[in-house]
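To convert, take the position in the sequence shown, counting from 1, and add 68; that gives our numbering.
First comes the structure, then the notes that go with it.
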Amino acid sequence: MTTHAPRTVTSVLSEVGIDSVSVTWGLGEPVHANDVEFFGYGVYYYDPTGNGGKRLGVRFGDATTAWVFDNASATQANYAASAVTATNEAVTAHFHDASLGLEAVGTIEAYAHVNGHDTQVDLPVTLLR
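Right, here's the structure in full:
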């Protein structure tokens, strides 16, 4: 199990580069939960009609991983722990060889979970393109 513990999300920044996407979740106070097996943070977005888009996230548990799920193709790319930087103040995931995949974004929000149960939802995301 990772030594990182679940914390509340205070801010979310998604930066889109030429061939990568980076997401930083600013962290606040610890989340008080019993028997934590795994936890994580995620971002999801869709086009203005509610279609397409992706989910990007990071998970802490027996191992630290990051992932991108493409809604349109129903495929997932997994990233090793080296793609994730975690401190008590922030978690940043670098999704190399990833793209936004949409011309326009309609909905973009973030969430946090412990053991697969949402602890925060509908968090605003700052998107830099």
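Here a beta-carbon is modelled for each residue, glycine too, at the ideal position from N, C-alpha and C.
So the beta strand (DSSP E) residue i belongs to, where does it begin and stop?
| i | result |
| --- | --- |
| Val182 | 175-182 |
| Phe106 | Where Phe106 is concerned, there is no enclosing beta strand (DSSP E), given that its DSSP letter is neither H nor E. |
| Pro192 | 185-192 |
Reducing DSSP to helix, strand and coil, say where residue i ends up.
| i | result |
| --- | --- |
| Ala134 | strand |
| Ala148 | coil |
| Glu28 | Residue 28 is absent from the structure shown; the chain starts at 69 and stops at 197. |
| Ser82 | strand |
| Leu170 | coil |
| Arg123 | strand |
| His72 | coil |
Among the residues of its own chain, which have a CB less than 7 Å from the CB of residue i, if the five just before and after it don't count?
| i | result |
| --- | --- |
| Ala73 | Pro98 |
| Gly121 | Tyr112, Tyr113, Tyr114, Asp115, Asn139, Leu170 |
| His185 | none |
So which of the options has the shortest CA-CA distance to residue i?
| i | options | result |
| --- | --- | --- |
| Leu170 | Leu191, Tyr113, Tyr109 | Tyr113 |
| Pro192 | Asn183, Asp87, Thr117, Thr175 | Thr175 |
| Ala101 | Leu195, Leu196, Thr187, Arg197 | Thr187 |
| Ala178 | Ala172, His185, Asp190 | Asp190 |
| Ser167 | Thr78, Leu195, Ala149 | Leu195 |
Verify whether the separation of the beta carbon atoms of residue i and residue j is less than 8 Å.
| i | j | result |
| --- | --- | --- |
| Val126 | Ser82 | no |
| His181 | Gly108 | yes |
| Ala158 | Ser90 | no |
| Leu95 | Arg75 | yes |
| Val84 | Trp93 | no |
Counting only the same chain and skipping the five closest in sequence on each side, list residues whose C-beta sits under 6 Å from that of residue i.
| i | result |
| --- | --- |
| Val152 | Val126, Thr132, Ala134, Ala161 |
| Ala145 | Val136 |
Any chance the CB of residue i is under 7 Å from a heavy atom of the ligand FMN?
| i | result |
| --- | --- |
| Ala161 | Among the components modelled here there is no ligand, and therefore nothing to report on the ligand FMN. |
Excluding the five sequence neighbours on either side, which residues of its own chain have a C-beta within less than 8 Å of the C-beta of residue i, listed in chain order?
| i | result |
| --- | --- |
| Thr143 | Phe137 |
Against chain D, does residue i count as a neighbour if the rule is that its beta carbon must be under 8 Å from one of theirs?
| i | result |
| --- | --- |
| Asn183 | Here there is only one protein chain, and chain D is not present. |
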